[in-house]
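A.B. asks: In my numbering, the protein residues as written are 8 to 251.
Using N, Cα and C, we set each Cβ at its ideal position, and we do this for glycine too.
From a predicted model like this one, the values you see are computed outputs, not experimental measurements.
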């Protein structure tokens, strides 16, 4: 089983508990301030996880579909949407095999959900799938890590006490252009192990991959505060459109 098939569940939510609805709303506000779409736009939230951004967009009246590989996270998203009395469409699929063509005005992918696969060819399939799903002149936003920032600010090991019953140890290293993480979680006396491994692409590499998929990069930001992208930026936020 690949790491991303095992990892994205309730334990993932515990590790990233600080990624909350308030943060999602701020990021959606940034998105809508930097991309012009109509109120009846169809939006695909690719790798939607527990639905934070899908729900924020749905609350604003957009026609949103959230897709993810994790049934567990989709169940959480479904429950959260129901609590807010939202009829949110959710669908389980692999991001390389989105079953849609010329259907969406906007595809968004938040919080480094690109680069999961072992080969560049498999990661390229994600961009081809995004391009295929977009309408002509449709737009995309990909929120990705900045490899320069990751390398310069790598914390090799940290420990967190989430609650009296849960503690987490995270170990990080860079190898073969991938940022790797080993997560050890002690939960109610039980020790659980998980991994992450994400390919670190430079901006130039991603530009080439986007071009191959028929996508044009129009603007790159360094964070959700709208700052310009540079080597010291915390994020690499890519905004662009499908070539006509």
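#1: Would you mind reading off the limits of the beta strand (DSSP E) that contains residue 99?
#2: Please confirm whether residue 129 and residue 99 have their CB atoms less than 9 angstroms apart.
#3: In this structure, how does DSSP classify residue 228 when only helix, strand and coil are distinguished?
#4: Tell me whether residue 176 sits in a helix, a strand or coil according to DSSP, three-state version.
#5: Considering only residues of the region 74 to 150, which uninterrupted alpha helix (DSSP H) runs meet the minimum length of 4 residues and lie entirely inside it, listed in chain order?
#6: Can you tell me where the beta strand (DSSP E) with residue 163 in it begins and where it stops?
#7: Output the distance between the C-alpha atoms of residue 193 and residue 61, rounded to the nearest integer angstrom.
#8: Counting beta carbon pairs with one atom in the region 108 to 124 and one in the region 39 to 53, are three or more of them shorter than 8 angstroms?
#9: Can you list, in chain order, the residues of its chain whose CB lies under 8 angstroms from that of residue 89, leaving out five sequence neighbours each side?
#10: Where does the unbroken beta strand (DSSP E) through residue 192 begin, and where does it stop?
#11: Just grab the DSSP bridge partners of residue 200 for me.
#12: Are the region 61 to 81 and the region 12 to 28 touching, with three or more C-beta to C-beta distances below 8 angstroms?
#13: Relative to the C-alpha of residue 240, which candidate in 209, 101, 224 has its C-alpha closest?
#14: Which residues mark the beginning and the end of the beta strand (DSSP E) in which residue 240 is found?
#15: Quick check: the region 135 to 146 against the region 170 to 189, are at least 3 beta-carbon pairs closer than 8 angstroms?
#16: Among the candidates 84, 153, 63, whose CA atom is the shortest distance from the CA of residue 212?
#17: Decide if residue 233 is buried, meaning its Cβ has at least 16 other Cβ atoms within 10 Å, or exposed.
#18: Can you round the beta-carbon distance between residue 174 and residue 166 to whole angstroms, since I take them to be within the 8 angstroms contact cut?
#19: Hey, out of 54, 250, 156, 41, whose CA is closest to residue 16's CA?
#20: Considering only DSSP beta bridges, list what residue 206 is partnered with.
#21: Would you tell me roughly how many angstroms separate the C-alpha atoms of residue 219 and residue 242, rounded to the nearest one?
#22: What residue range does the alpha helix (DSSP H) around residue 36 cover?
#23: Hey, how far is the Cα of residue 121 from the Cα of residue 75?
#24: Would residue 97 and residue 72 qualify as a contact pair, given that the criterion is a beta-carbon distance under 9 angstroms?
C.D. replies: Let me lay it out:
#1: As a position in the chain shown, residue 99 is number 92, starting the count at 1. Element bounds for residue 99: 96 to 99.
#2: As a working note, residue 129 is residue 122 in the chain shown. As a working note, residue 99 is residue 92 in the chain shown. No.
#3: Numbered from its first residue, the chain shown carries residue 228 at position 221. Three-state result, residue 228: strand.
#4: For the purposes of this step, residue 176 is taken as residue 169 along the chain shown, with counting starting at 1. Of the three classes helix, strand and coil, the one that applies to residue 176 here is strand, per DSSP.
#5: 78 to 90, 127 to 140
#6: Residue 163 sits at position 156 when you count from the first residue of the chain shown. Segment: none, residue 163 is in no beta strand (DSSP E) and carries neither H nor E.
#7: In the chain shown, residue 193 corresponds to position 186, counting from 1. In the chain shown, residue 61 corresponds to position 54, counting from 1. Looking at the two C-alpha atoms, the distance is approximately 31 angstroms.
#8: yes
#9: In the chain shown, residue 89 corresponds to position 82, counting from 1. There are no such residues.
#10: Translated into positions along the chain shown, residue 192 becomes position 185. Element bounds for residue 192: 185 to 194.
#11: Counted from its first residue, the chain shown places residue 200 at position 193. DSSP output for residue 200 lists 191 as bridge partner(s).
#12: Pairwise C-beta distances place the region 61 to 81 in contact with the region 12 to 28, as three or more of them are shorter than 8 angstroms.
#13: Locating residue 240 in the chain shown gives position 233, counting from the first residue. That would be 209, whose Cα lies nearest to the Cα of residue 240.
#14: The sequence position of residue 240 within the chain shown is 233, counting from 1. Where residue 240 is concerned, there is no enclosing beta strand (DSSP E), given that its DSSP letter is neither H nor E.
#15: no
#16: Here residue 212 corresponds to residue number 205 of the chain shown, with the count starting at 1. Residue 212 has its Cα closest to that of 153, out of 84, 153, 63.
#17: In the chain shown, residue 233 corresponds to position 226, counting from 1. For residue 233, the number of other beta carbons within 10 angstroms of its own is below 16, and it is reported as exposed.
#18: Position 167 of the chain shown, counted from the first residue, corresponds to residue 174. Position 159 of the chain shown, counted from the first residue, corresponds to residue 166. At roughly 7 angstroms, the Cβ-Cβ gap stays under 8 angstroms, so residue 174 and residue 166 are in contact.
#19: Mapped onto the chain shown, residue 16 falls at position 9. The shortest C-alpha separation from residue 16 is found at 54.
#20: In the chain shown, the residue the question calls residue 206 occupies position 199. Bridge partners of residue 206: 185.
#21: The residue you call residue 219 lines up with position 212 of the chain shown. The residue you call residue 242 lines up with position 235 of the chain shown. Distance between the alpha carbons of residue 219 and residue 242 is about 23 angstroms.
#22: Here residue 36 refers to the residue found at position 29 when the chain shown is read from its first residue. Unbroken alpha helix (DSSP H) run through residue 36: 28 to 41.
#23: Your numbering for residue 121 matches position 114 in the chain shown. Your numbering for residue 75 matches position 68 in the chain shown. Here the C-alpha atom of residue 121 lies approximately 13 angstroms from the C-alpha atom of residue 75.
#24: Within the chain shown, the letter at position 90 stands for residue 97. Within the chain shown, the letter at position 65 stands for residue 72. Yes. Within cutoff.
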